[in-house]
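Residue numbers (the working numbering), protein chains in the order written: chain A, 5 to 94; chain B, 14 to 777; chain C, 468 to 586; chain D, 7 to 155; chain E, 294 to 791; chain F, 121 to 278; chain G, 67 to 181.
Ideal placement from N, C-alpha and C gives every residue a C-beta, glycine not left out.
Down below is the structure, laid out as structure tokens.
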Amino acid sequence: MFEWVVEIVYFLLSVSMLLAFIRLVKGPSLPDRVVALELIASIVAGMVGVHAIDTGVSAYLDIAIVLAITAFLAAIGFARFIQVRGMNDE
Amino acid sequence: MIGLLLAIVLTACIAPVWTHSWRLPRALLALVPATGFLYCLNWWPAVASGNPVLQTLSWMPSIGLSLSFYIDGLSLLFLLLVTGIGSFIILYASSYLKGHQDEGRFFLWLFLFMASMLGLVASDNLLALFVFWELTSFTSYMLIGFNHESEKSRKLALQGLFITVGGGLLLMTGFIMLGSLTGTYQLSEIVQISISEQSHFINAMLVFILLGAFTKSAQFPFHFWLPNAMAAPTPVSAFLHSATMVKAGVFIMARLHPTLSEQSVWSTAQLWAGAATMLLGAWLAYMATDLKKVLAYSTVMALGTLTLLLGIGSEYALIGFVSYLLAHSLYKASLFMLAGGVDHSTGTKDLLQLQGLRATMPVTFGLIIVGALSLAGLPPLFGFIGKELLLEAGLGVDGWLIVVIVVAATLVVGVALTLIVKPFLGQPVTLPRPPHELPPAMLAGPVVLLTLSVLFGLAPALAEQGLVHAAVQSIAVSEQAVKLKLWHGVNTALLLSLLSLAAGAVLAFWWLRSRRVAQQLAKWSDRIGPESFYFRLMDSIAAFATWQTGAIQNGRLGIYMIVLLLATLAPVAWVLFDSVGFPGWTFELIPTVYECAMVTLMLLATAYAVRTRSRFASIISLGAMGFSVALLFVHFSAPDLGITQVLVETLTVLLLVIVLIRVPGFARFSSNAERLRDAAVALFAGFVLSWVVLAALPVQWAPTISEYFIANSYELGKGRNIVNVILVDFRALDTLGEIFVLAIAALGVYSMMKLRKGADHGKA
Amino acid sequence: MMSDILISVLLLLAAVVILLASIGLLRLPDLPTRMHATTKSGVFAIALIMIAVALYFARIDITARALAIIVFTFLTAPIAAHAIGRAGYLSGVELWPNTVRDDLKDYYQEKDHNNKDAS
Amino acid sequence: MAKPKNISADSLILRTATLIVLPVQLVFSLFLLLRGHDQPGGGFIGGLVASGAFALYLYAYGVYALKQLLRVSPKDLLAIGLLLGLVATIPSVLVDQAFFTAQWWEISLGDNLIKLSTVLVFDIGVYLTVIGTLVTMFTAVAEAQLEES
Amino acid sequence: MSNLVFLPILLPLLSGALCLASWRSTVWQKRITLIGSIAYCLASIELMRQTLDQGYLVLQMGNWPAPFGISLVSDVLSAIMIVLTGIVSVAAAMYSMASVPNEHIRFGYFPLLHFLLVGVSGAFLTGDIFNLFVWFEVMLLSSFGLLTLGGERSQMEGAIKYVTINLFSSAIFLTAVGLLYGMAGTLNMADLALKIPDADEDGMVNVLALLFMASFGIKAGVFPMFFWLPASYHTPLVAVSAVFAGLLTKVGVYAIYRVFSLLFIGDITFTHTLLLWLGVLTMVTGVFGAAAQFEFRRILSFHIISQIGYMILAIALFTPLALVGGVFYIMHHILVKTNLFLISGLTHQLTGTHELKQMGGLYRHRPWVAVAFVISAMSLAGLPPLSGFFAKFVVIKAGVEASAWWATAFALVVGLLTLYSMIKIWNEVFWKKAEPELEKQVTSKVLSPWMLLPVIMLAAMTVSIGIFGESLFQIAELAADQLLNRSGYINAVLGEQQ
Amino acid sequence: MTGLFWNLLLATCWVFLTGSFGVSNYFFGFLVGYLVIALIHKLVPGLHSYPKRIPRFFRFLSFFLWQLVLSNIKIAIDIVTPTWHMRPGVIKYNMSAKTDVEITLVANLISLTPGTLVLDVSEDKTALFVHAMFLGEEEQALLADLHELEQRLLKIIR
Amino acid sequence: MQVLMAIAIGLMFAAAFYMMLRRSIVKLVMGLIILSNAANLVIFTVAGMTRAEPPFLDETTKIASSGVADPLPQALILTAIVIAFGVLAFSVVLIHRAYEAVGTDDLDLMKDTDT
Ligand code: NA
Ligand code: NA
């Protein structure tokens with residue numbers, strides 16, 4: 005039963021990721037892209053959790069922990085940049 | 014022998030101190046070669062009785078190089094000439110260069126040159142001979158370029174060096190081939206062997222050796238460097254032209270005569286080159302108006318003659334060779350010293366200017382007469398004997414040769430008579446400096462050498478028993494019967510000799526009147542002669558170098574990368590195409606939808622990172638790519654990789670952001686065509702690498718060693734995370750290197766950011 | 468079995484939440500509204516998945532870890548959201564035209580004005 | 007809308023939250039370091055997490071505050087890390103084994119057995135080096151840019 | 294087990310780390326550097342002694358048996374390279390004492406220098422292909438750091454090319470290692486030698502060979518992949534240039550020697566013929582490149598390329614004599630090239646420029662510098678009896694004996710053109726008359742003994758290699774023997790049971 | 121007191137993370153926590169005694185989670201329906217939180233609740249600027265909600 | 067899967083090389099990032115890909131399951147990732163400084179040292 009659920013969840017998460025990526029591409033502003041990246045990071049963390057269930061290997065959870073406490077740093081970095089330079093790159 | 018060499022080298026080394034710090038009389042330095050002369054005379058009895066002296070000192074046995082010496086008649090003749098004439102040259106120079114600021118260096122290089130020449134003629138080992146050969150090229154370069162602050166002087170010195178070293182490289186190749194042919198590098202063994210078989214290998218070898226010898230001995234078409242070597246101070250020219258340097262080429266041909274004379278390539282080439290050089294040298298000598306140039310071209314003529322004689326190779330020829338060599342050394346050294354003296358004294362060496370010196374320089378005049386007559390080959394001088402033998406030998410060959418010889422002889426007679434007549438006779442004229450007689454130190458050499466010239470002419474047996482016979486024996490394959498005589502009776506040779514004298518006198522009479530034509534001809538030949546070829550070659554080297562560097566090292570990184578990519582991957586593609594083929598698709602692991610999605614996302618993110626015009630969009634997109642790679646790692650059982658990838662990704666973004674804040678964004682510099690080209694190259698490279706990976710997938714030559722890690726990770730490494738145990742224990746050295754990589758990167762970043770705008774500190 | 472169903476439901480729910488978040492991210496008209504969709508839903512979904520993980524393994528250490536993940540996410544996600552939102556706003560991101568009110572704009576303008584007066 | 011001027015780039019929320027998150031990150035990084043031998047983690051990963059923590063602090067408080075926080079120069083940290091890494095290679099030589107041969111010492115503490123080893127020392131060296139590296143880089147870049155502006 | 298093998302890596306690691314730890318004190322860094330480099334030199338000599346004694350010294354790091362752990366192997370070739378590294382490091386250390394500005398020292402000059410030596414030594418000693426990659430990176434990054442230290446415009450421009458191209462090379466290397474592991478399942482080079490089949494069994498062997506050739510070729514500066522070298526070598530501090538010139542490209546050459554004598558010898562007609570032509574093209578393009586230059590260090594840089602060509606030619610011929618020549622060439626080249634760069638520093642110190650056109654008068658005013666230059670330059674041009682002659686002689690002899698006529702012919706021409714460039718320097722820097730202003734400068738400057746001493750030391754070595762070269766020759770012969778006899782290496786690393 | 125609290129918290133954290141609940145591990149976690157606090161001790165502002173607050177904490181948690189679910193659903197509905205029901209806007213919220221930690225926690229909680237996002241804090245630290253998705257007519261209700269959330273939180277941490 | 071990866075790797079390499087051929091220095095850095103990822107993936111792919119069997123030993127039995135993933139390539143990639151990070155950090159700062167020193171981000175204008 006899990007197999008199916010997990011497959012579906014994988015599928016849905018994959019679709020979500022692609023959608024988020026579309027926003028990343030479309031922008032239009034830099035913060036929009038950063039937000040998309042943050043969502044992708046969240047999805048990755050979720051996927052890792054699903055992996056743990058899928059494989060029964062708890063070690064994967066550590067990746068989720070790492071994501072939880074570091075992935076937001078990228079946003080902080082960009083935020084800094086946006087404040088210094090404005091959100092339009094060029 | 015080694016002692017002699019060391020003594021001279023030592024003298025060379027102390028010469029600068031001797032002259033500059035101790036300020037001792039320079040003339041005393043001449044005692045060293047004089048002592049060397051006496052030392053060499055020691056060997057005379059043994060050598061004359063047909064027992065060559067052999068000395069051996071190990072040097073580099075692995076490559077067959079030993080510092081061994083083989084002193085037979087030929088060597089001894091040269092040793093005596095070098096030390097003997099060398100002594101007078103030093104004596105002469107001590108006066109000639111008195112007070113010159115670079116006097117010490119001059120003696121340094123002159124003595125080193127002398128030592129090299131001595132080593133060259135005495136070497137038994139071909140390789141050692143070559144070592145000395147190259148040393149003569151180099152030391153003579155330093156001497157020719159003595160007036161190095163003049164650009165012309167530097168240029169001409171380079172010319173001599175370039176040609177002789179170039180020839181030297183060929184000679185080396187020839188020696189290597191000779192060594193592998195005969196199985197030894199010892200001349201004493203090689204001269205016992207006569208190579209008679211024919212092959213391309215041997216022909217190539219002969220050509221190499223001959224080219225080496227021809228360049229050194231200024232044979233046509235390499236003759237032009239020699240007159241240019243006049244840039245050197247007179248003592249050097251005198252030494253270079255008489256007993257050393259240029260004779261080295263002749264020497265090596267004579268040395269190898271017993272071994273190679275049966276090769277028709279060898280003798281024919283010598284015949285032709287010798288004849289051409291002789292004629293050309295004589296002609297140019299007659300055409301020249303610069304006193305030293307005249308002498309230089311006459312040297313070219315003499316070298317051609319010597320080569321020609323070896324090419325003829327008959328009994329007369331060989332004995333003629335040795336006699337001519339000896340005669341030439343004696344008169345040419347003298348003439349040079351005298352001509353240099355005239356130059357020194359009057360401030361000019363232009364024959365057109367010089368006139369009426371008879372009264373002011375009587376001794377010089379007298380000596381010049383003797384020298385010039387020996388050059389012209391008039392009895393009873395030794396030069397006459399050499400010339401007789403030449404004619405005799407020439408008669409032994411085809412008809413055309415004797416014509417050439419007579420024409421050349423005629424021209425030389427014309428030259429010789431001009432040397433006597435033009436500068437010394439007639440009314441005295443105003444010259445750059447008021448002429449005065451030469452000091453004794455400058456006259457001593459000519460006096461002694463020309464005396465010998467007369468002496469050997471009057472009593473040829475003295476020369477024969479002393480030197481010539483033994484020398485001829487070492488050249489000849491068989492015992493030689495010809496004896497040296499001043500008077501052979503009236504024969505064809507004598508008649509031809511008389512003919513040349515008469516015709517030569519006419520030429521000398523015409524000398525002044527022919528000058529305008531001569532200058533015209535000189536200009537014309539400058540344009541098409543081999544020297545202009547040399548200069549064009551040098552120019553084209555420079556031009557080609559500039560073109561090539563501009564084409565290859567063009568400074569454009571994009572082009573570099575294209576070349577690198579194609580150079581790396583095109584051969585790979587060829588091998589794949591040629592011997593691997595396209596692999597079948599292996600689907601042992603069917604990708605799931607999820608995996609496909611991750612790969613797709615990875616590719617999309619990459620593509621967008623490439624396509625976007627915003628560098629921060631690019632960074633973010635690469636972040637997404639990093640996350641999908643991390644997910645792939647996680648999905649395919651590599652959690653540690655996943656964590657690391659995620660962390661590195663995040664920190665990379667942080668770093669990129671903070672650094673790139675101050676760098677402008679992406680700019681589009683390339684045209685569409687360039688982008689298309691780049692895309693094609695990149696796709697080709699990607700395609701090849703894909704192919705490589707695909708082809709590698711099914712290949713498994715051996716099972717992996719990883720079983721060991723899995724089995725022993727806990728047992729021996731005390732850890733359950735096998736990857737970590739590998740990192741910190743099994744392959745800890747990798748990790749050690751890696752943390753140093755990080756530390757280095759940190760240092761690099763630190764210094765780049767912090768050490769800046771410091772003014773130029775001088776990069777020494 | 469009960470827990471299996473619960474886990475499945477949680478997972479599916481989480482997936483749907485994230486899917487909605489991504490749709491929202493794509494559809495919503497301006498930066499702040501997009502952030503509403505993503506930040507909280509991401510956190511929420513991760514919480515759901517981690518609860519599922521805790522249930523699945525049913526071991527105290529793993530439950531602790533799952534809890535830690537939830538806590539950490541709750542801790543960090545709003546910081547990021549705040550940072551981006553503030554930076555975006557400060558750098559002048561376009562708001563949706565239908566935005567009804569903007570107190571912050573007034574505040575900034577007033578501050579600008581005051582500062583000019585002061586100097 | 008024009009970019010407002012005179013608005014501080016610092017955010018109170020970020021600063022305060024950093025104080026809360028930073029210790030958690032550091033503890034977690036140590037945790038990753040120490041149990042990396044058995045579970046995902048290790049010196050690198052731990053060091054990267056700690057570096058992330060310091061980077062956060064840098065972004066929130068600026069480079070001088072970070073230097074004050076660390077007290078030691080990041081280059082010293084780097085040097086200590088490298089030297090620890092090197093030190094780990096040496097003990098084996100003293101007992102006449104090949105360089106880098108792991109040495110284990112077991113210390114019993116009550117009923118608990120604490121395993122100390124050169125491997126651990128090495129991993130700590132890695133950890134410190136990674137931190138030293140990243141902090142050196144970040145502070146260098148940030149300082150240089152501060153000086154510029 | 295021989296722990297000695299690790300010392301050439303450990304010592305500079307330690308010196309570097311200690312220098313880093315004492316980054317506040319330039320004096321201590323200098324002390325550590327001098328002591329460290331001398332210790333390295335001594336260790337290298339001991340390593341050579343023991344290697345000659347035992348043939349191979351092997352250390353299984355961490356006591357893990359080969360092929361599972363990382364093996365460090367010192368055969369004669371490695372030991373030669375290590376000794377040369379030791380000599381260069383002492384020379385560079387001494388030269389640095391007086392020539393490197395304090396600012397550079399404060400910003401990591403000495404640690405970077407030591408770490409460069411670490412990378413170089415590691416590459417020479419490792420018996421593991423991935424570990425080789427790691428040492429390459431250590432070396433590369435340190436060279437990046439040294440190259441950019443000082444932050445001048447030219448350095449940055451040069452570094453961008455240097456870095457990009459070398460990173461491309463690293464990526465190819467890493468890819469090749471990955472492929473190799475995927476197919477052979479091992480990383481230990483001795484083990485790989487056993488497991489890689491002949492190329493006619495599997496074309497992938499040649500694919501790998503090509504990838505390694507390209508990667509190492511780039512690092513060695515082989516045609517047409519040398520762009521990075523002339524673009525950058527003339528930009529850093531002279532001491533740095535000298536170390537780069539002496540050691541960096543030679544690591545690439547060494548790797549080619551190692552890999553194309555141990556791993557890829559199954560299809561010599563393909564791989565080594567390719568190498569042959571690469572070698573020829575390298576020497577020709579290099580020497581012409583030099584002919585076009587008028588900047589001291591640029592000329593020297595192009596000559597590095599040209600001489601790499603000779604070394605590649607030697608491995609390509611793959612006869613015992615050729616390998617002897619190649620090894621001898623490497624020995625000679627490292628000493629001479631390092632010295633020429635150091636001399637360029639002296640002349641720069643005296644004249645304030647590296648541009649030949651603006652120099653002059655040094656033969657008259659600085660005869661000893663002139664002598665050192667003449668010795669090194671003529672050695673480079675192959676004038677007997679200096680070291681370069683013997684190196685060139687043996688390679689040419691090997692070419693003749695292998696009937697590689699064209700290659701030999703090119704080698705000869707290149708020798709002559711080398712002379713052309715060296716004379717160009719000689720004419721412009723030494724023989725030409727200095728402008729009055731320059732003359733004043735030249736006569737008034739004082740050269741530090743720290744800078745003169747290594748130059749004289751290296752020049753003396755060049756001369757003595759020529760005069761007392763026989764023993765070196767025998768060592769080169771041993772090295773060549775071992776290279777041709779790979780079972781010795783394999784047995785030494787894996788043990789006799791293999 | 122504050123130091124002890126943090127120390128214990130970190131130690132607990134450690135124990136949770138390692139997943140091994142022995143005394144020695146707790147002790148070690150204490151040690152690790154001590155080290156970390158030693159590193160940052162100058163920077164952590166005072167915190168009051170904490171044991172009382174556990175029950176409040178759980179009550180608050182359930183409240184918060186409920187809010188979370190509700191507003192998630194609200195946003196979800198808006199996202200999937202084709203037309204927008206939302207009336208977004210930035211509103212100034214005068215808070216009662218005083219210290220930096222209080223402000224931060226309040227702000228974070230508000231940000232975590234779907235539909236509200238803190239954009240900035242006024243410089244005098246009295247007000248938050250909150251971006252709300254459903255502002256429109258419900259302005260007062262929203263402010264009330266925010267207030268309740270804040271009060272519940274402050275009761276725990278004060 | 068490995069086939070898919072092989073194709074993807076080729077495309078990644080192509081993207082990396084394309085970026086490295088651009089004249090803008092910033093793109094160069096992006097190219098390097100992609101390049102190192104592609105190289106890592108080569109190792110990962112060629113050495114064999116295994117689903118759901120991470121290379122850990124069981125907590126109690128200390129034995130790995132039979133189909134466990136090959137740990138060695140993972141260790142290699144880990145090393146490569148970290149090295150690539152160091153290199154990248156250096157390169158980023160380098161281009162920053164090059165831009166400052168030369169005053170352009172056009173690589174084709176940075177050829178003083180060659181010609
Ligand atoms: Na495979
Ligand atoms: Na809606």
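Mind checking if residue 316 (chain E) is an interface residue toward chain H, Cβ cutoff 8 Å exclusive? Absent from the structure is chain H; the protein chains it does hold are A, B, C, D, E, F and G.
Looking at C-alpha atoms only, which residue of F:234, F:186 and F:220 is the closest neighbour of residue 198 (chain F)? Residue F:234 is the option with its Cα nearest to residue 198 (chain F).
Using the beta-carbon of each residue, which ones in chain D are nearer than 9 Å to residue 36 (chain A)? Neighbours of residue 36 (chain A) in chain D, taken as residues at a C-beta separation under 9 Å, are lacking, since the least C-beta distance is about 16 Å.
Neighbour-count burial assignment, residue 491 (chain E), 16 or more Cβ in a 10 Å radius: Counting Cβ neighbours within 10 Å, residue 491 (chain E) comes out exposed, since fewer than 16 surround it.
Short check: CB of residue 344 (chain B) to CB of residue 388 (chain B), under 8 Å? Between residue 344 (chain B) and residue 388 (chain B), the CB-CB gap stays under 8 Å.
Just checking, does the region 282-289 of chain B make contact with the region 192-201 of chain B on the three C-beta pairs under 8 Å criterion? Result no; under three Cβ-Cβ pairs closer than 8 Å.
Shortest alpha-carbon distance to residue 712 (chain E) belongs to which of E:666, E:736 and E:747? Cα-wise, what sits closest to residue 712 (chain E) is E:666.
Kindly indicate which three-state DSSP category residue 275 (chain B) falls into: helix, strand or coil? Residue state for residue 275 (chain B) is assigned as coil, using DSSP reduced to three classes.
Can you tell me which residues form a DSSP beta bridge with residue 407 (chain E)? Bridge partners of residue 407 (chain E) according to DSSP: none are assigned.
The beta strand (DSSP E) enclosing residue 350 (chain E), as first and last residue numbers: Segment 350-353, the beta strand (DSSP E) holding residue 350 (chain E).
Grab the span of the beta strand (DSSP E) containing residue 364 (chain E) for me, first residue to last. According to the DSSP assignment, residue 364 (chain E) belongs to the beta strand (DSSP E) that extends over 364-367.
If we count the other Cβ atoms within 10 Å of its Cβ and call it buried at 16 or more, is residue 546 (chain B) buried or exposed? Residue environment: residue 546 (chain B) is assigned as exposed (fewer than 16 neighbouring CB atoms within 10 Å of its CB, all protein chains considered).
Apart from the five residues on each side of it in sequence, which residues of its chain come closer than 6 Å, Cβ to Cβ, to residue 29 (chain A)? Contacts found: none.
Interfacial residues, the region 435-462 of chain E to chain G, with Cβ spacing under 9 Å: Close to chain G, meaning a Cβ-Cβ distance shorter than 9 Å, are the following residues of the region 435-462 of chain E: 437, 438, 441, 444, 445, 446, 447, 448, 449, 450, 451, 452, 453, 454, 456, 457, 460 and 461.
To the nearest whole angstrom, what separates the beta carbons of residue 663 (chain B) and residue 58 (chain D), a pair I think is in contact under 8 Å? Correct: roughly 6 Å between the Cβ atoms.
Just list the alpha helix (DSSP H) runs in the region 289-350 of chain B, keeping only unbroken ones of 4 residues or longer that don't cross its boundaries, in chain order. Listed in chain order, they are 304-325.
Please classify residue 236 (chain F): does DSSP put it in a helix, a strand, or coil? If DSSP states are grouped into helix, strand and coil, residue 236 (chain F) belongs with the strands.
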